[in-house]
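A.B. asks:
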Amino acid sequence: MTIVAQFLCFVTWLLDGYKGNRLILSIMITVIYSDKFLLHYTGENHPERPERLLAIVAV
């Protein structure tokens, strides 16, 4: 397996709609790739398919 990319994302939750209190968290997202993932067949019309994974890794 190979780590393809890591992203630092900031997520905001609205805690109280009336007062506008917010909680802001930072989350690290890691994309991991293996050729074995291409063998996982989810069906013809499912969005998760080998072509999509290859397109993501190509970026």
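The working numbering applies: residue -10 is where the sequence shown begins, and numbers increase by one.
Just so you know, even glycine gets a beta-carbon here, dropped at the ideal spot from N, CA and C.
Computed from a prediction, not measured in an experiment: that's the story for all the values here.
Assign V46 to one of three DSSP states: helix, strand, or coil.
C.D. replies: V46: helix per DSSP, three-state reduction.
A.B. asks: What's the gap between the Cα of C(-2) and the Cα of L28?
C.D. replies: Their Cα atoms are separated by approximately 29 angstroms.
A.B. asks: So the beta strand (DSSP E) N10 belongs to, where does it begin and stop?
C.D. replies: Here the beta strand (DSSP E) through N10 covers 10 to 22.
A.B. asks: Taking C-beta to C-beta, are V53 and A44 nearer than 7 angstroms?
C.D. replies: The requested residue 53 does not occur in the structure, where the chain is confined to residues -10 to 48.
A.B. asks: Any idea which residues DSSP pairs F(-4) with across the strands?
C.D. replies: Answer is I18, bridged to F(-4).
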